[in-house]
Amino acid sequence: MISAFGETTATPYFIYRLRDAMLADPTGRRILRDRPRMTSTSLNLEVSPDTRPHVRFIDDAECAYVMQRYRECHDFYHALTGLPIVREGEVALKAFEFANLVIPMTGLSTLSVLTLKPAERKRFFETYLPWALRNGLKAKDVINVYWEEQMERDVGELRAELGIEKPPICGIYASRQGRR
50 MISAFGETTA TPYFIYRLRD AMLADPTGRR ILRDRPRMTS TSLNLEVSPD TRPHVRFIDD
110 AECAYVMQRY RECHDFYHAL TGLPIVREGE VALKAFEFAN LVIPMTGLST LSVLTLKPAE
170 RKRFFETYLP WALRNGLKAK DVINVYWEEQ MERDVGELRA ELGIEKPPIC GIYASRQGRR
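Structure below.
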């Protein structure tokens, strides 16, 4: 359902804008030419990237690949930003993705902030939303990262190259470390 919503809200304008951002970048053009895929055969991870649904509602083959690539790279965005895979981190990452990639579904997904606990919601609006918007807008397009070539690279170096600051520590992890 979320995948279909993402596809239908990305067309006709937004997915073409994202594809054009890839065409305007040398690495993005190479990704579009090579069309690498994140699958269980290309990556040996504890979680299978094959669980991402295939694009069904975008007719243009190149744009469909761009949407599929976005889905398959989402977990790399967690690693890049340092945002944990908990609800608070997911909402912050969706805000970052919206500012950086301008996919409508990612912006609409930030409405799930309303389901967070009051302290988490406050932290999101005071800390993570400003971080996500600032970094998403100023960073290079993360869709243009050829992740398959970055696996051994220091994430701090990649963040610096892309213009991304590490976010403040998310609440669930801060409380475990005695910080809030």
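Last residue of the sequence shown: 229 (our numbering), numbering continuous.
All residues carry an ideal CB built from backbone N, CA and C; glycine is no exception.
> In angstroms, rounded to a whole number, what distance separates the CA positions of M71 and D108?
Replying inline: 18 Å
> Is the Cβ-Cβ distance between I213 and A181 less than 8 Å?
Replying inline: no
>> So for Q117, helix, strand or coil by DSSP?
In response: Taken through DSSP and simplified to helix, strand or coil, Q117 comes out as helix.
> For E137, does the count of other Cβ atoms within 10 angstroms reach 16, so buried, or fall short, so exposed?
Replying inline: buried
>> Tell me which residues share the same chain as F54 and place their Cβ nearer than 6 Å to its Cβ, disregarding the 5 neighbours each side in the sequence.
In response: Here the model assigns F54 a pLDDT of 49, short of 50, so the residue's position is not dependable, and the following value carries that caveat. Within the same chain, and ignoring the five residues on either side of F54 in sequence, the residues whose Cβ sits closer than 6 Å to its Cβ are M154.
>> Would you call the segment 154-172 in contact with the segment 190-209, where contact means no fewer than 3 C-beta pairs closer than 8 Å?
In response: Taking a cut-off of 8 Å for Cβ pairs, the segment 154-172 and the segment 190-209 do not touch, as fewer than three such pairs fall below it.
> Do T130 and F147 come within 8 Å of each other at the CB atom, strictly closer than that value?
Replying inline: no
>> For a quick check, are the C-beta atoms of A141 and F174 less than 8 Å apart?
In response: no
>> So, for I134: in the same chain, excluding its five sequence neighbours on each side, which residues have a beta-carbon less than 7 Å away from its beta-carbon?
In response: H127
> What is the residue span of the alpha helix (DSSP H) that L36 lies within?
Replying inline: Nothing about residue 36 can be read from this structure; the chain reaches only from 50 to 229.
> DSSP three-state call for Y195: helix, strand or coil?
Replying inline: coil
>> Just to confirm before moving on: does the CB-CB distance between R84 and Y65 stay below 8 Å?
In response: no
>> Between L211 and Q199, how many whole angstroms is the CB-CB distance? I'm expecting something under 8 Å.
In response: Rounded, the Cβ-Cβ distance is 10 Å, inconsistent with contact.
> What does a CB cutoff of less than 7 Å around L178 pick up in its chain, not counting 5 residues either side in sequence?
Replying inline: A144
>> In the DSSP assignment, the alpha helix (DSSP H) including S161 goes from what residue to what residue?
In response: Counting along the chain, S161 falls outside any alpha helix (DSSP H), and DSSP gives it neither H nor E.
> Apart from the five residues on each side of it in sequence, which residues of its chain come closer than 8 Å, Cβ to Cβ, to C122?
Replying inline: M87, V191, I192, V194 and W196
> Any idea what DSSP makes of T130, helix, strand or coil?
Replying inline: helix
> Pick from P61, H103, Q117 and F63: whose alpha carbon is nearest that of L81?
Replying inline: Among P61, H103, Q117 and F63, the Cα nearest to that of L81 is on Q117.
> Do you know whose CA, among P167, T164, E111 and T76, lies nearest R68's CA?
Replying inline: E111
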